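Numbering (this note's numbering), first residue to last: 6 to 147.
Think of the CB as a built atom: it goes at the ideal place given N, C-alpha and C, for glycine as much as any other residue.
Just so it is clear, the structure is predicted and the values come from calculations on it, not from any experiment.
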Ligand SMILES: [Zn+2]
């Protein structure tokens, strides 16, 4: 093999590797673009453990006063959730199966509601019991 042949074959291998990495980089770039699109929509999806409560003493103990942690006076027909402090009051969420799958807001906190846990509000204890415990991909507005 002449040295020029050797050089050109090395170059050819280099070239193939280079092309492969360019392709790999553009695949990563387009994946990032998709992720960015998701962020632009303003919603993120978080897997949450969703329990339910009502204003009764069983559910709220000493806090059973009909007023949520953000000072909202509970009215008939209200739908809202209790969430961790990292979700500021008023944060919109979409919880499949709750409030006819329309958005609800964070109005309340709960001693056991930390991290990726939510408590959806119902007006009766029976309705809260019927909800039970559900694991749901909740959409959260940023
Ligand atoms: Zn209750």
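Burial state of residue i, where buried means 16 or more other Cβ atoms lie within 10 Å
i, result
"residue 47", "exposed"
"residue 61", "exposed"
Sequence-distant residues of the same chain with beta carbon closer than 7 Å to residue i, five excluded per side
i, result
"residue 54", "121, 122, 138, 140"
"residue 49", "145, 147"
Residue i: CB within 7 Å of a non-hydrogen atom of ligand 1
i, result
"residue 84", "no"
"residue 103", "no"
"residue 58", "yes"
"residue 130", "yes"
"residue 147", "no"
Residue i, enclosing alpha helix (DSSP H) - first and last residue
i, result
"residue 132", "130 to 136"
"residue 62", "62 to 65"
Rounded C-alpha distance that separates residue i from residue j
i, j, result
"residue 110", "residue 98", "6 Å"
"residue 90", "residue 132", "25 Å"
"residue 68", "residue 102", "26 Å"
"residue 93", "residue 105", "23 Å"
"residue 136", "residue 58", "9 Å"
Proximal residues to residue i (C-beta, below 6 Å), its chain only, five neighbours per side dropped
i, result
"residue 52", "142"
"residue 87", "113, 114, 115, 118, 124"
"residue 74", "113, 114"
"residue 127", "57, 59, 133"
"residue 95", "110"
Residue range of the unbroken beta strand (DSSP E) whose run includes residue i
i, result
"residue 106", "Premise fails: residue 106 is in no beta strand (DSSP E) and is neither H nor E."
"residue 68", "Per DSSP, residue 68 belongs to no beta strand (DSSP E) and is neither H nor E."
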